[in-house]
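Residue numbers (the numbering used here), protein chains in the order written: chain A, 1 to 91; chain B, 92 to 508.
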């Protein structure tokens with residue numbers, strides 16, 4: 001349980017947000033060319049990091065906009081919030 | 092040789108004020124090399140070591156645990172045991188475990204307090220009714236005892252449930268598995284540890300794995316906080332931390348680790364003599380032998396290793412509990428805690444070889460692994476000893492995420508997620 005600083009609405013309780021999982025997973029450009037292994041990588045395999053992870057969040061019960069977050073999953077501390085489309089920050 | 096626990100040993104030890112009981116397991120320092128090492132000293136890991144020693148005659152093995160045995164999800168779950176899963180593969184897996192549970196206390200000479208008090212699953216809408224009826228039929232075809240109950244029969248079986256038609260999620264029916272029930276989670280870990288220790292297994296606590304050493308495509312050993320240990324076979328049963336261990340070997344798994352919470356109330360006199368689960372409103376409850384209500388809540392939707400969950404998850408569960416059981420409205424909760432569960436995309440476990448020779452994973456049990464502890468240990472031991480899966484866990488391989496042959500129990504079964 002923590003407070004999230006929505007880049008559009010400001011500080012709100014985490015219960016207003018929906019977690020969207022790992023960020024920066026790119027949709028395959030040529031889906032028809034993909035092997036089964038590559039599909040599995042894209043669809044199912046996750047880093048599931050213990051430590052700082054880049055992930056997507058949606059302010060579902062607020063402005064309903066998406067944004068990115070760098071969060072330490074070992075203690076739920078939010079390191080940085082940045083907009084969709086921006087490159088992940090270097091650690 | 093371990094002394095047998097019995098009424099006579101209890102009386103004998105009473106004369107020495109219970110101060111001379113034999114230690115249930117040793118506290119060994121790790122050897123330089125083992126034939127196999129199990130990473131993770133929870134119920135599943137200890138059971139794996141027990142069956143490796145007992146059925147596959149592998150005595151030179153060790154279990155390494157970063158904390159104390161049974162201190163992770165084994166000691167944090169709500170102890171529900173059942174096997175009424177929809178798909179054939181799942182039914183086979185979980186009923187295999189249930190059959191072992193039925194004789195486990197005798198086999199281990201350790202009272203795991205297995206109590207077949209029945210598990211009831213409630214239906215709250217028309218789709219629930221259809222799904223539960225379908226599952227009852229599927230269970231019966233697989234030889235699993237299952238009954239469909241009407242609202243009146245639900246009320247008769249558990250009189251404290253509010254079956255009034257005008258609550259927000261009225262009880263339209265339910266299923267009952269009478270062989271299902273609960274067991275004492277700590278005793279399962281301790282019983283398996285004692286049994287494995289007796290056969291020569293080294294149980295090494297406070298020993299965290301820091302790395303997995305590979306020689307090309309083969310495992311060479313593990314780096315731990317107690318030094319390097321050589322081995323050709325490593326079986327990882329690390330629940331929420333499976334992805335972390337996999338990362339050490341350069342592998343990725345289809346898992347997400349999330350907090351799952353549970354809570355217990357103050358102890359009261361016997362009021363509920365069965366286990367009641369309700370997926371639609373996400374509330375399940377049973378009563379421990381001490382008298383506490385044991386209540387399971389849901390998972391948070393974000394990845395976290397913090398063993399803490401959100402308040403609103405607990406609040407939602409308690410709202411549902413109060414609507415279904417108005418009698419509990421003045422109960423006070425004593426403790427609340429979280430555990431980290433590793434969830435697979437298809438909500439089924441992985442008991443599998445990997446692309447690295449000698450590296451095996453038993454993970455992905457998500458929110459419901461306790462019930463499978465004996466079966467999971469037995470099948471994982473078989474997989475490690477023979478380097479091939481048993482026919483009961485063949486479907487639960489890692490390759491299913493590439494082939495697409497998923498065992499999709501999400502929502503289809505009574506799995507509370």
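C-beta: ideal position from N, C-alpha, C; glycine also. Since this is a predicted model, take the numbers as computed values, not measurements.
Answer with buried or exposed for residue 46 of chain A, where buried requires no fewer than 16 other C-beta atoms within 10 angstroms of its C-beta.
buried
Just list the residues that DSSP pairs residue 319 of chain B with in beta bridges.
B:314
What three-state label does DSSP hand residue 368 of chain B in the structure shown?
DSSP places residue 368 of chain B in strand when its eight states are reduced to three.
For residue 445 of chain B and residue 275 of chain B, which I take to be in contact (beta-carbon distance under 8 Å), what is that distance rounded to the nearest angstrom?
Actually they do not touch by this definition, with Cβ atoms about 33 Å apart.
Indicate whether at least one CB of chain D lies closer than 8 Å to the CB of residue 346 of chain B.
The displayed structure is made up of protein chains A and B, and chain D is not among them.
Near residue 188 of chain B, what residues of its chain come up, given a Cβ to Cβ distance below 6 Å and the 5 sequence neighbours on each side ignored?
463, 465 and 466
Kindly list, in the order they appear in chain A, the residues whose Cβ is closer than 9 Å to that of residue 167 of chain B.
In chain order: nothing, as chain A lies at least about 18 Å away.
Whose CA, out of B:353, B:271 and B:306, lies closest to the CA of residue 340 of chain B?
B:306
Near residue 356 of chain B, what residues of its chain come up, given a Cβ to Cβ distance below 7 Å and the 5 sequence neighbours on each side ignored?
Cβ within range, chain order: 383, 384, 422, 423, 424 and 425.
Residue 75 of chain A at chain B interface by Cβ criterion, 8 Å
yes
Please list the partners that residue 44 of chain A has in chain B, where partner means a Cβ-to-Cβ separation under 7 Å.
345, 436 and 492
According to the neighbour-count rule (16 or more other Cβ atoms, all chains shown, within 10 Å of its Cβ), is residue 231 of chain B buried or exposed?
exposed
Using a Cβ-Cβ cutoff of 7 Å, what residues of the segment 349-375 of chain B are near chain A? List them in chain order.
none
Just to confirm the assignment, what range does the beta strand (DSSP E) spanning residue 267 of chain B have?
Per DSSP, residue 267 of chain B belongs to the beta strand (DSSP E) from 264-268.
Using 8 Å for Cβ pairs, my map puts residue 365 of chain B next to residue 386 of chain B. What's the rounded Cβ distance?
The Cβ separation is near 14 Å, so there is no contact.
For residue 37 of chain A, three-class secondary structure by DSSP
helix
Where are the beta strand (DSSP E) runs, 3 residues long or more, that stay fully inside the segment 151-229 of chain B, in chain order?
Within the segment 151-229 of chain B, the complete beta strand (DSSP E) runs of at least 3 residues fall at 152-155 and 210-214.
Give me the chain A residues within the contact set of residue 401 of chain B, using Cβ-Cβ distance strictly less than 7 Å, ordered along the chain.
Per Cβ cutoff of 7 Å: 1, 14 and 15.
Can you tell me whether DSSP reads residue 233 of chain B as helix, strand or coil?
coil
Within 10 angstroms of its Cβ, does residue 298 of chain B collect 16 or more other Cβ (buried), or is it exposed?
buried
Span separating the alpha-carbon of residue 402 of chain B from that of residue 1 of chain A
7 Å
Work out the CA separation of residue 177 of chain B and residue 224 of chain B for me, nearest whole Å.
11 Å
Please go through the segment 6-85 of chain A and give each complete alpha helix (DSSP H) segment of 4 or more residues, from N-terminal end onward.
36-43
Limits of the beta strand (DSSP E) - the one that residue 378 of chain B falls within
374-378
Buried versus exposed call for residue 368 of chain B [16 or more other C-beta atoms within 10 Å across all chains shown]
When all chains shown are included, residue 368 of chain B counts as buried.
Could you tell me if residue 8 of chain A is buried or exposed, where buried requires 16 or more neighbouring beta carbons within 10 angstroms of its beta carbon?
exposed
Inter-stretch contact at 8 Å, needing at least 3 Cβ pairs: the segment 433-445 of chain B / the segment 483-498 of chain B
yes
With a threshold of 8 Å between beta-carbons, can residue 308 of chain B be considered close to chain A, or not?
no
Around the C-beta of residue 507 of chain B, are 16 or more other C-beta atoms found within 10 angstroms, so that it is buried, or is it exposed?
The pLDDT assigned to residue 507 of chain B is 49, lower than 50, so where the model puts this residue is not dependable, and the model offers no usable value.
Continuous alpha helix (DSSP H) stretch holding residue 333 of chain B: start and end:
333-339
Report yes or no: do the segment 369-382 of chain B and the segment 42-56 of chain A share at least 3 C-beta pairs separated by less than 8 Å?
no
Please state the DSSP three-state secondary structure of residue 356 of chain B.
strand
C-beta neighbour in chain B for residue 19 of chain A, strict 8 Å:
yes
What residue range does the beta strand (DSSP E) around residue 452 of chain B cover?
450-454
Alpha carbons only, please: which of B:352, B:111 and B:473 is nearest the one belonging to residue 457 of chain B?
Nearest C-alpha to residue 457 of chain B: B:352.
May I ask you to list the residues that DSSP assigns as paired with residue 487 of chain B?
DSSP lists no partner for residue 487 of chain B.
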